[in-house]
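**Student:** This is the structure, below, for whatever I ask next.
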Amino acid sequence: MAEPYVIKMPQLSDTMTEGVLVSWEKQPGDRVERGDVVATIETDKAIMDVEVFRSGFLAGPLAAVDSVVPVGEAIGYLTDTPQGSVDSPGMVTADSAKSTDSRARAAVEAEAESASVPAPAASAAPAENAYPIKMPQLSDTMTEGVLVSWEKQLGDRVERGDIVATVETDKAIMDVEVFRSGFLSGPMLSVDSVVPVGEAMAWLVDSADKVQREAKRALASATGGAANRSVGTPAPTPAPTPATAPVVTPAEPAPAVPSDGSIRPAPRPRGAKATPYARLLAGSRGLSLDGLRGSGPDGVIVAADVSAQTAAASNVAAAAVAVPGDGRPMTAIEKSISQAMTASLTIPVFHVTMHIRPEALQRAAKAEGVSFTVALAKAVSEALLRQPRINAAYQHPDRIVEGRPHDIGIAATTEDGSLVVPVLRDLANKDLKTLQEEWTPLLERARKRRLSPADYQHPTFTISNMGMYGVSQFDAIVTPGTAAILAVAATGPDGMPVTISADHRVVNGADAAAFLKDLKALVEAPQSWLGASGPAIPEGNYDVQVLVIGAGPGGEDCARELAENGIRVAMVNHAPLPGGECLWRGCIPSKAWRAAADRIRDRVHDAAMGIQLGEPHLDWQQLEQHRRSIVQTRGEMALKTDQGMKIQVLEGHARFTGPHSVDIEGRDARTLTFAACVIAAGAPAFVPPIPGAKEALAAGAAVTSDTVWDLTAPPKRLCIIGAGAIGMEMAQMFHDFGAEVTVLEALPRPVAEMEAELAEQLMRALAKNSPRLQVFTDVQVKDISGEAGNLQIRYGKGQETQVVAADLLLIATGKRPDTSGLALERAGVRLGERGAIAVDTRGQTSVPHIYAVGDVVGGYMLAHTAAQQGRVAAANLLGHRATYEARKDCGVTFTRPQVAFVGLTTEQAKAAGLDVVEVKVPMSIDAKAMMTGETDGLIKMVAERQSHRIVGVHFLTDHADTLVGEAVMMVSAELTLEQVATAIHPHPTQTELFGEMARRLLSRLRRSARAKA
């Protein structure tokens, strides 16, 4: 490690803020391996082990036994050598040990320092060892709260778990609990004070005679006025910038912002980082940072980005004018609305209105036992399935986020007349009964303003219904993070006026009109979507009922599902045998190579087990014969199965001539008419516009994942452009075949879809187990020159330019749909992002009787994904309701160790509005891994905090391709931690780790729950 690694006081429960160091299990200078227990600590409920997941030597300064250490503070260090102590405690601070990249930290510190925004001063403690009661951070976006009431008085005895106060965030009033016993003491903030997160509101002392009963002090009050601090209160000293951190010089002076505490910082952006001053500047301008792309190191949002975001809106921003009178201060919720409305000035909007007759939906809702609100929200979700662009969002400066779940915010009035917008989640995948069960308690919490952050954060679409007030028509306001809002007014002679206000950067007028047209049909004829409506295949005199274009996993599974249900199906394939890329150019042939590479690699472990077999030798011709035999046999088997199921298999290329017809060119040339169609045409390898790339491919000096299968021998020197799943698999396989391999990747880390910590550990494992494999990330390939056997690939990293010499170049930069040969415009099928066919979660395109599945629709370009989407499309064509759920998808990258995932990472789950926790286990402590010498990597499990539902499992381990199967069942069946924890797993197997992780996480959650009881 380049600098000492900090061992921090871990947070072992949600309520834990500090721990007591009980013992050191290792001494300075001792060797520490990943998974070792180095210390024990005592929380408020238990004594726990402190494990480390780095290797090194324990070094001081060490925290003293019996010392109280705040969560996140350093208790010791790891170094590369047994030096006993680091040079200076200042070398590694708690701040410098955070997972944030050092360059991003430097940007934060440099900008915060240049902005000269003082931190709030802490109040002086009333007595030695007094415990501060701080303003808690009740959501990721909360930066301050308003003190609503004190539930205990000065001098009162306080027990652990007692509620001592209530605070108001921008959406709810919440309780403040304490987890220490003592007596409530001043200095105490006054009611209505605005308190920054982490600021002391009052204190606990250990005896009644130490209680300080002085007059209450106040910070910036919710009733106005600047902050009032206690005289003599020291301001905290800013942490020093690490000496090794790069200095970031702002391109221009940061805009001036008042530093008197009167400006509330904007919430932290979802899924991104922002400097403190950028948040303060955004708060001063009433802007949301969600969706804003940062220009700082590693995408950190800096003040200049906020200024650029507001430049376009500067001409329409309201001028600050003097208003006579003594104005009252806004409440927290009023300020939140004010900021959102000011931010909305940056959005170019338009409005479209249509009248809808609601009576049929009202009757249907009553018959189903649900409210009209829930029924309308479900109808909106159905319309969003048909017009998915309405559910997208603008992402500054030039991107659109698509494919989001249907998380619909529904405006509701609170008991005190305020407005809140609770969010009903994932409507596309829930029935009316389930939605009503979720809406009833959610609405009750909204009315009482007892919403948790997960209840109101991050809607993807919003409904505002003012019909109950008799409003005849109104326009609602689009807020950042959404592209549209629906305003519903009172029903009149012409029906119920509904107006969509839409962000013109994302939605055009035709989109909005089509959405309202679909919504009108859904509301006025709810029987079409409330239950099964029979087959969706149009009737008529067609050659076939369903035409499937493509015979890969998506097309073939779809065709078989339809044929099994008696549908007349034709399947057009551009090759003599079915199987698609997976069989002929992807999954199957690459894993045949991987199997051979594994045999070679496994010999490394033989000596440790006392087995001497000698150096392995690769017979390339025999391996190729083995590979070709597998794919040919499986292709012939697939064709026999298809024909046996009465599927009409045609060889050729299909091209649309109209919405119900194609011309087929090739061996089985003909014109064919169809009632419905499923496009499963796949996607070719993408070749980026690098100078010399096309010439190298034409000369045979370069190959792609489609053409690498024609090699007569493995290269001695291989360069690979692209460190995705294909690139990394090929890199390690050819390394094991004896090649010197160099991988060049434009992104900061390999396999970008992999969980971040797993990617970091994979890089370390490769450095150890693949000595002839080098991976260079964050580079730009400039050009390619030379010939086969003597190639030069020139690339740049920063200001430096390097050259890789290679015998062969593999361009593994992913795949991209190419539908140019299909003539989709003749059928009316619309394209989405990057040339992919736009579909909803059912696979339906912009033409109701045409579906598309697999690589041609983008997203996860995986064989099993395509197969599932094919089955979903078939189910919908048969009249059943089915959707593809990306949040339950999975994948395996066949490196060594293997990488696998199912479901969501912690970051993805939080971005989706879920409150989750995670647990992980290193493979180095697993007995089976020790037996086989396969101790690299770890497994992570992610579960919802309240329901305990498992939403994701992530692997970096050998045999992950086998282990992931059980995890798929956990996520797919929405199993809980309790169900996995009580299942009996065989011993000794690695599946035992699932039960162990579930029990560990349950134990942690139980301790947290007891502390709150």
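Numbering-wise, the sequence shown is residues 3 to 1015 according to the working numbering. A virtual CB, placed ideally from N, CA and C, is assigned to each residue, including glycine.
(1) Skipping 5 residues on each side, what residues in its chain have a beta carbon closer than 8 Å to that of Gln-948?
(2) Relative to the C-alpha of Ala-888, which residue among Phe-896, Ala-869, Gly-861 is closest?
(3) Starting from the Cα of Ile-723, find the closest Cα among Ala-741, Glu-757, Phe-688, Ala-715 and give me that residue.
(4) What does the Cβ neighbour count give for Asp-68, buried or exposed, with the cut at 16 atoms within 10 Å?
(5) Starting from Tyr-133, follow its DSSP beta bridges and name the residues at the other end.
(6) Let me check understanding here. Comparing Cα to Cα, which of Asp-32, Gly-31, Arg-33, Thr-42 lies closest to Lys-10?
(7) Unbroken beta strand (DSSP E) runs of length 3 or more, entirely within the region 911-970: which are they?
(8) Pair every Cβ in the region 383-396 with every Cβ in the region 359-374, then say whether three or more of these pairs are closer than 8 Å.
(9) Quick one, which of Pro-990, Ala-698, Ala-807, Gly-954 has its alpha-carbon nearest Ala-975's?
(10) With distances taken from CA atoms, which of Pro-528, Ser-631, Met-639, Ala-448 is nearest Glu-558?
(11) Under the rule that 16 or more other beta-carbon atoms within 10 Å means buried, what is Leu-421, buried or exposed?
(12) Near Val-841, which residues of its chain fall below 6 Å by C-beta distance, leaving aside the five closest residues on each side in sequence?
(13) State whether the region 904-913 contacts the region 19-27, with contact taken as three or more CB pairs (one from each stretch) at a distance under 8 Å.
(14) Quick one: which unbroken beta strand (DSSP E) runs of 3-plus residues sit fully inside the region 876-914? Chain order, please.
(15) Which of helix, strand or coil does DSSP assign to Pro-591?
(16) List, from N- to C-terminal side, the beta strand (DSSP E) runs of 3 residues or more that fit wholly inside the region 735-773.
(17) To the nearest angstrom, how far is the alpha carbon of Arg-873 from that of Val-970?
(18) Rounding to the nearest angstrom, what Cα-Cα distance links Met-176 and Thr-168 in this structure?
(19) One question on the structure: do Gln-529 and Pro-499 come within less than 9 Å of each other, judged by their Cβ atoms?
(20) If you draw a straight line from the C-alpha of Pro-691 to the C-alpha of Glu-697, how long is it?
(21) How many angstroms separate the CA atom of Ala-748 from the CA atom of Val-304?
(22) Specify, as a first and last residue, the run of the beta strand (DSSP E) that Thr-442 falls within.
(23) What are the complete beta strand (DSSP E) segments, minimum 3 residues, inside the region 564-613?
(24) For the alpha helix (DSSP H) that Trp-531 lies in, which residues bound it at each end?
(25) Leaving out the 5 sequence neighbours to the left and right, which residues in its chain are closer than 8 Å to Pro-716 when beta-carbon positions are compared?
(26) Below 8 Å, how does it come out for the region 552-570 and the region 829-841: are there three or more Cβ pairs, yes or no?
(27) In or out: Lys-522 buried (at least 16 other Cβ within 10 Å) or exposed?
(28) How is Val-213 classed by DSSP in three states: helix, strand or coil?
(29) Run through DSSP, which three-state label would Ser-275 get?
(30) Spell out the partners DSSP gives Asp-785 in its beta bridges.
(31) With Val-633 and Ile-590 assumed to form a contact (beta carbons below 8 Å), what rounded beta-carbon distance in angstroms separates them?
(32) Tell me, please, whether the region 820-833 touches the region 699-709 by the rule of three or more beta-carbon pairs shorter than 8 Å.
(33) Using CA atoms only, rank isn't needed, just tell me which of Tyr-886, Thr-481, Ala-902, Ala-1000 is closest to His-1090.
(34) For Met-730, is the classification buried or exposed, using 16 other Cβ atoms within 10 angstroms of its Cβ as the cut-off for buried?
(35) At a threshold of 8 Å, does Thr-375 count as lining the ligand MG (C-beta to nearest heavy atom)?
(36) Along the chain, where does the beta strand (DSSP E) that runs through Lys-10 open and close?
**Tutor:** For this structure:
(1) Taking Gln-948 as the centre and dropping the five residues before and after it, the same chain places the C-beta of Asp-917 closer than 8 Å to its C-beta, in chain order.
(2) Closest by alpha carbon: Gly-861.
(3) For the options Ala-741, Glu-757, Phe-688, Ala-715, the alpha carbon positioned closest to that of Ile-723 is the one of Phe-688.
(4) With fewer than 16 other Cβ atoms from the protein chains shown falling within 10 Å of its own Cβ, Asp-68 counts as exposed.
(5) Looking at the DSSP assignment, Tyr-133 forms a beta bridge with Leu-206.
(6) For the residues Asp-32, Gly-31, Arg-33, Thr-42, the minimum Cα distance to Lys-10 belongs to Thr-42.
(7) Within the region 911-970, the complete beta strand (DSSP E) runs of at least 3 residues are 918-924, 940-946, 952-959.
(8) Three or more Cβ pairs closer than 8 Å define a contact, and the region 383-396 falls short of that threshold against the region 359-374.
(9) Ranking Pro-990, Ala-698, Ala-807, Gly-954 by Cα distance to Ala-975 puts Gly-954 first.
(10) Distances from the CA of Glu-558 to each of Pro-528, Ser-631, Met-639, Ala-448 were compared; the closest alpha carbon is that of Met-639.
(11) Residue environment for Leu-421: exposed (fewer than 16 other C-beta atoms within 10 angstroms of its C-beta).
(12) Once the five neighbours on either side are set aside, the close Cβ partners of Val-841 are Thr-847, Ala-854, Val-859.
(13) Judged by Cβ distances under 8 Å, the region 904-913 makes no contact with the region 19-27, as fewer than three pairs qualify.
(14) For the region 876-914, whole beta strand (DSSP E) runs of length 3 or above, ordered along the chain, are 892-895, 900-905.
(15) DSSP places Pro-591 in helix when its eight states are reduced to three.
(16) Taking 3 residues as the shortest admissible run, the region 735-773 contains the following complete beta strand (DSSP E) segments, listed from N- to C-terminal end: 742-746.
(17) Their Cα atoms are separated by approximately 18 Å.
(18) Thr-168 has its alpha-carbon roughly 6 Å from the corresponding atom of Met-176.
(19) No, the pair does not count as a contact, with Cβ atoms beyond the cut-off.
(20) Computed Cα separation, rounded: 11 Å.
(21) The alpha-carbon atoms of Ala-748 and Val-304 are separated by roughly 23 Å.
(22) Secondary structure note for Thr-442: it is in no beta strand (DSSP E), and the uninterrupted alpha helix (DSSP H) holding it is 434-449.
(23) Within the region 564-613, the complete beta strand (DSSP E) runs of at least 3 residues are 571-575.
(24) Unbroken alpha helix (DSSP H) run through Trp-531: 529-532.
(25) Excluding sequence neighbours, Pro-716 sits near Leu-620, Trp-622, Phe-736, Phe-739, Gly-740, Ala-741.
(26) In the pairwise beta carbon analysis, the region 552-570 is classified as not touching the region 829-841: fewer than three pairs are separated by under 8 Å.
(27) The residue in question, Lys-522, is buried, as its Cβ has 16 or more Cβ neighbours within 10 Å.
(28) Three-state result, Val-213: coil.
(29) The displayed chain sequence assigns Lys, not Ser, to residue 275. DSSP, reduced to helix, strand and coil, places Lys-275 outside both helices and strands of the structure shown, so it counts as coil.
(30) Arg-796, per the DSSP bridge assignment.
(31) Indeed, because the Cβ distance is near 6 Å, the residues count as touching under 8 Å.
(32) By the criterion of at least three beta-carbon pairs nearer than 8 Å, the region 820-833 is not in contact with the region 699-709.
(33) Because the chain in this structure spans residues 3 to 1015, residue 1090 falls outside the shown range and cannot be described.
(34) If you draw a 10 Å sphere on the C-beta of Met-730, you find 16 or more other C-beta atoms in it, and that means buried.
(35) Summarising the ligand content, the structure contains no ligands, and the ligand MG is consequently not present.
(36) DSSP places Lys-10 in the uninterrupted beta strand (DSSP E) bounded by 7-10.
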